[in-house]
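Asks: Take this structure first; my questions come after.
Numbering (the numbering used here), first residue to last: 183 to 327.
Structure representation (structure tokens):
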């Protein structure tokens, strides 16, 4: 269930970025070293390597933020370098590493859509099946190489 929810979280975030005039360059880009959740280009032309963490509102790891350890950051940075080697046109552009914290809420058939937000003030990203997704936080330049 966790991997499926994570993939849906990445999809709804991708659609949110497109609505913000970003261009999605790749989703779930794999190489022998690792995977990048999303690679997108901002309207200003910056290439963002985006780590997406999708959690329930009762998450004990600060919405997934604590899962992005220094070792995880190094792995993302190295994987991004391999992406840029494979696609050198993007290497000439400014790049950054962002983190998106997505929160989801389960909805049962007996509940209606007008449930309270899991955390007040969250931006609604969309609903997929029995889940509603919200943007808990979007951290620009969350870490640097």
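Every residue gets a Cβ at the ideal spot worked out from N, C-alpha and C, and that includes glycine.
Just to confirm the assignment, what range does the alpha helix (DSSP H) spanning residue 196 have?
Replies: In the chain shown, residue 196 corresponds to position 14, counting from 1. Unbroken alpha helix (DSSP H) run through residue 196: 184-201.
Asks: In this structure, does DSSP put residue 236 in helix, strand or coil?
Replies: Locating residue 236 in the chain shown gives position 54, where the first residue counts as 1. Note: residue 236 maps to strand in three-state DSSP.
Asks: In whole angstroms, what is the alpha-carbon distance linking residue 228 and residue 313?
Replies: Position 46 of the chain shown, counting from 1, holds the residue named residue 228. Position 131 of the chain shown, counting from 1, holds the residue named residue 313. Straight-line Cα distance between these residues: approximately 31 Å.
Asks: What separation, rounded to the nearest whole angstrom, lies between the Cα atoms of residue 183 and residue 217?
Replies: For the purposes of this step, residue 183 is taken as residue 1 along the chain shown, with counting starting at 1. For the purposes of this step, residue 217 is taken as residue 35 along the chain shown, with counting starting at 1. Confidence in residue 183 is poor, its pLDDT being 46 and thus under 50, which makes the residue's placement unreliable; the coordinate value appears in the next sentence. Answer to the nearest angstrom: the Cα atoms are 19 Å apart.
Asks: Give me the Cα-Cα distance between residue 304 and residue 198, rounded to the nearest whole angstrom.
Replies: Counting from one through the chain shown, the residue named residue 304 turns up at place 122. Counting from one through the chain shown, the residue named residue 198 turns up at place 16. Those two C-alpha atoms are separated by around 13 Å.
Asks: What residue does the alpha helix (DSSP H) around residue 224 start on, and which one ends it?
Replies: Against the chain shown, residue 224 aligns to sequence position 42. Segment: none, residue 224 is in no alpha helix (DSSP H) and carries neither H nor E.
Asks: With a CB to CB cut of under 7 Å and the five nearest residues on each side skipped, what residues in its chain are close to residue 203?
Replies: The residue labelled residue 203 in the question sits at position 21 within the chain shown. These residues qualify, in order along the chain: 225.
Asks: Leaving out five residues on either side along the sequence, give the residues of the same chain with a beta carbon under 7 Å from the beta carbon of residue 363.
Replies: With the chain running from 183 to 327 in the structure shown, residue 363 is simply not present.
Asks: Tell me, please, which residues DSSP counts as bridged to residue 305.
Replies: Mapped onto the chain shown, residue 305 falls at position 123. The partner list for residue 305 (beta bridge, DSSP) reads 317.
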